[in-house]
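The working numbering runs 35 ahead of the 1-based position in the sequence shown. Just so it is clear, CB atoms sit at the ideal spot from N, CA and C, and this is done for glycine as well. Nothing here was measured: the structure is a model prediction, and the numbers come from that model. A quick write-up on the structure given underneath.
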Amino acid sequence: MGTISKDTKLSATGQLGPRVTTERTVNAFNATATNISGTATNLHVALAELEADLKRDLEGKKEYEDYAKTLNIKKKDLEKRIEENQRWIDNFEQNDTAGAFEAQYKKLLDQIQIIYSSAKDFHGKGIDMLIKEFNYHLAYKRWNDTFTAIPFKPK
Numbered sequence: 036m037g038t039i040s041k042d043t044k045l046s047a048t049g050q051l052g053p054r055v056t057t058e059r060t061v062n063a064f065n066a067t068a069t070n071i072s073g074t075a076t077n078l079h080v081a082l083a084e085l086e087a088d089l090k091r092d093l094e095g096k097k098e099y100e101d102y103a104k105t106l107n108i109k110k111k112d113l114e115k116r117i118e119e120n121q122r123w124i125d126n127f128e129q130n131d132t133a134g135a136f137e138a139q140y141k142k143l144l145d146q147i148q149i150i151y152s153s154a155k156d157f158h159g160k161g162i163d164m165l166i167k168e169f170n171y172h173l174a175y176k177r178w179n180d181t182f183t184a185i186p187f188k189p190k
């Protein structure tokens, strides 16, 4: 056997034969391999980004579900309060068939008016007593008076 040149290779039977590839095909193969490697790296990075996005989305979904659960609890509480208030209104309307509550309100207003009128009378008597006993003057305070007060008359 002789020396093996660049252009020879082993055949299927183990014998050396002429080289099939050229410098150009080797460079094309290397460029293709580099492109495939770059594409694989880019896909790996994109996959990592998608997995991170998916993780954040799942966390956001859990946060949203927790918030929705809180809102549903509040909604049920509000619906319960609405039902209780509606029952109270229904009960109020059933008991107010002849205007009993309105009549009671007017009666209370009349009683308050009587009490207030009595208080006004006593206030007037108190002012009269201040005038008589302490020389109180409604319009102004005299320089020699020791009594101080702000004039007021209920309406």
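Straight-line Cα distance separating Ala63 from Lys96: Taking the sequence shown and counting its residues from 1, one reaches residue 96 at position 61. Taking the sequence shown and counting its residues from 1, one reaches residue 63 at position 28. The alpha-carbon atoms of Lys96 and Ala63 are separated by roughly 48 Å.
Can you tell me where the alpha helix (DSSP H) with Gln50 in it begins and where it stops? On the sequence shown, position 15 is the one that residue 50 refers to. Where Gln50 is concerned, there is no enclosing alpha helix (DSSP H), because DSSP gives it neither an H nor an E.
If I follow the unbroken alpha helix (DSSP H) through Leu113, where does it start and stop? Translated into the one-based positions of the sequence shown, residue 113 becomes position 78. Looking at the DSSP string, the run of the alpha helix (DSSP H) that includes Leu113 is 58 to 130.
Unbroken alpha helix (DSSP H) run spanning Leu143, endpoints: Position 108 of the sequence shown holds residue 143. 135 to 169 is the extent of the alpha helix (DSSP H) around Leu143.
Where does Leu143 land, buried or exposed, given buried means 16+ other C-beta within 10 angstroms? In the sequence shown, counting from the first residue as 1, residue 143 sits at position 108. With fewer than 16 neighbouring CB atoms inside 10 Å of its own CB, Leu143 falls in the exposed class.
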